[in-house]
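Notes follow once the structure below has been shown.
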Ligand code: SAH
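In our numbering, the protein residues as written are 87 to 334.
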């Protein structure tokens with residue numbers, strides 16, 4: 087049996103947002119590896135071993151996947167959204183780079199998925215229709231001063247901004263500070279979208295101005311999008327449309 091590793095994105099939650107390429111790989115896999123809630127999204131079947139692990143063991147998971155593939159297993163490492171966005175693909179390549187030479191001969195593929203900010207943007211309208219950036223607000227893997235610097239510079243450059251992991255467990259006050267910085271740089275009128283559990287039954291969308299934004303409007307299942315100075319709302323019955331025009 088020839089082994090392989092795919093690092094697959096499961097999308098934001100809805101079954102219909104999993105790509106056919108990812109579904110095919112999961113149907114052929116002998117082993118699925120990932121964080122507990124993501125592995126729980128993969129259906130059990132005979133011949134498939136599920137390896138669910140806690141968060142923060144990304145490198146162990148990656149080494150495990152490469153070791154199994156070197157033994158001839160067909161391994162799917164699963165992430166939510168896209169595996170290249172604040173997720174397992176980079177962790178796997180960290181392990182590959184540091185690991186034994188023979189791992190480099192393995193068949194390794196990254197299978198893209200729909201990342202949270204794109205699913206959220208689509209639900210709200212088109213807030214990322216002009217230039218934008220994505221910032222992970224967790225300070226697990228980088229120092230807080232670097233996050234602050236990137237926030238300020240992105241705001242000054244008038245990007246729309248998508249924030250992943252807004253409430254870090256290790257720094258619950260971090261998101262409040264991020265909102266203060268954004269108010270300083272962008273003013274209180276700027277539009278901000280809190281999109282929680284997008285494409286799942288618990289989905290919640292909330293659009294407010296920065297001066298109304300509170301830290302507890304976000305949790306670890308929320309992606310936050312702050313508009314640029316051009317981002318605006320089209321009011322209509324029901325939910326308004328949030329969009330950023332294509333021209334600056
Ligand atoms: N690889 C994932 C991101 C992992 S980081 C992706 O591409 O989407 C985890 C963060 O993603 C969460 O804290 C949250 O900010 C965001 N996220 C993931 N799924 C989400 C969903 N369904 N709705 C809103 N935000 C989500």
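Even for Gly, the Cβ is constructed at its ideal location relative to N, Cα and C.
On a predicted model such as this, the values are computed, not experimentally measured, just so you know.
When you compare each of 161, 105, 133 to residue 90 by their alpha carbons, which one comes out closest?
The residue labelled residue 90 in the question sits at position 4 within the chain shown. When only C-alpha atoms are compared, the closest one is 161.
Cβ of residue 193 versus every heavy atom of the ligand SAH: is any distance shorter than 7 Å?
Counting from 1 along the chain shown, the entry for residue 193 is found at position 107. With a threshold of 7 Å, the Cβ atom of residue 193 does not count as near the ligand SAH, since no heavy atom of the ligand is closer than that.
Residue 203 in three-state terms, based on DSSP:
As a first step, residue 203 is located in the chain shown; it is residue number 117 there, counting from the start. Correct three-state label for residue 203: helix.
Please tell me whether residue 227 and residue 181 are closer than 8 Å, where the distance is taken between their beta carbons.
Within the chain shown, numbered from 1, the residue matching residue 227 stands at position 141. Within the chain shown, numbered from 1, the residue matching residue 181 stands at position 95. One thing to note: residue 227 has its Cβ no nearer than 8 Å to the Cβ of residue 181.
Considering only the alpha carbon of each residue, which of 276, 198, 155 lies closest to residue 349?
As shown, the chain starts at 87 and ends at 334. That puts residue 349 outside it, with no answer to give.
Residue 204 burial status per 10 Å Cβ neighbour count (16 or more: buried):
As a working note, residue 204 is residue 118 in the chain shown. It is buried - the Cβ of residue 204 has at least 16 other Cβ atoms within 10 Å.
At a threshold of 7 Å, does residue 124 count as lining the ligand SAH (C-beta to nearest heavy atom)?
As a first step, residue 124 must be located in the chain shown, where it is residue number 38. Exclusion of residue 124 from the 7 Å shell around the ligand SAH follows from its C-beta lying no nearer than that to any non-hydrogen atom of the ligand.
Restricting to Cα atoms, I'd like to know which of 213, 158, 147, 172 is closest to residue 224.
As a working mapping, residue 224 is identified with position 138 in the chain shown. Of the listed residues, the one whose Cα sits closest to residue 224 is 172.
Backbone CA spacing between residue 98 and residue 118 [nearest angstrom]:
As a first step, residue 98 is located in the chain shown; it is residue number 12 there, counting from the start. As a first step, residue 118 is located in the chain shown; it is residue number 32 there, counting from the start. Taking the straight line from one Cα to the other gives about 18 Å.
Considering Cα atoms alone, identify which of 157, 177, 136 is closest to residue 93.
What you label residue 93 is simply residue 7 of the chain shown in a count that begins at 1. For the residues 157, 177, 136, the minimum Cα distance to residue 93 belongs to 177.
Is it buried or exposed, residue 168, if we count other Cβ atoms within 10 angstroms and call 16 or more buried?
For the purposes of this step, residue 168 is taken as the residue at position 82 of the chain shown. The C-beta of residue 168 has 16 or more other C-beta atoms within 10 Å across all chains shown, which makes the residue buried.
Given a cut-off of 8 Å, decide if residue 268 and residue 248 are closer than it, judged by their beta-carbon atoms.
As a position in the chain shown, residue 248 is number 162, starting the count at 1. As a position in the chain shown, residue 268 is number 182, starting the count at 1. Contact: no.
Give the secondary structure of residue 127 by DSSP, where H, G and I count as helix, E and B as strand, and everything else as coil.
As a first step, residue 127 must be located in the chain shown, where it is residue number 41. Residue 127 falls in the coil class under three-state DSSP.
As assigned by DSSP and simplified to three states, the class of residue 117
If you number the chain shown from 1, residue 117 lands on position 31. For residue 117, the three-state secondary structure derived from DSSP is strand.
On the DSSP bridge list, what partners appear for residue 219?
Translated into the one-based positions of the chain shown, residue 219 becomes position 133. Looking at the DSSP assignment, residue 219 forms a beta bridge with 247.
Buried versus exposed, by CB contacts within 10 Å (16 or more), residue 295
Working through the chain shown from its first residue, we reach residue 295 at position 209. Label assigned to residue 295: exposed.
Taking the straight line between their C-alpha atoms, what separation do you get for residue 273 and residue 297?
Reading the chain shown from its first residue, position 187 is the one you call residue 273. Reading the chain shown from its first residue, position 211 is the one you call residue 297. Approximately 8 Å, taken between the alpha carbons.
Tell me whether residue 139, by its Cβ, gets closer than 7 Å to a heavy atom of the ligand SAH.
By one-based count along the chain shown, residue 139 stands at place 53. Relative to the ligand SAH, residue 139 has its C-beta separated by 7 Å or more from all heavy atoms.
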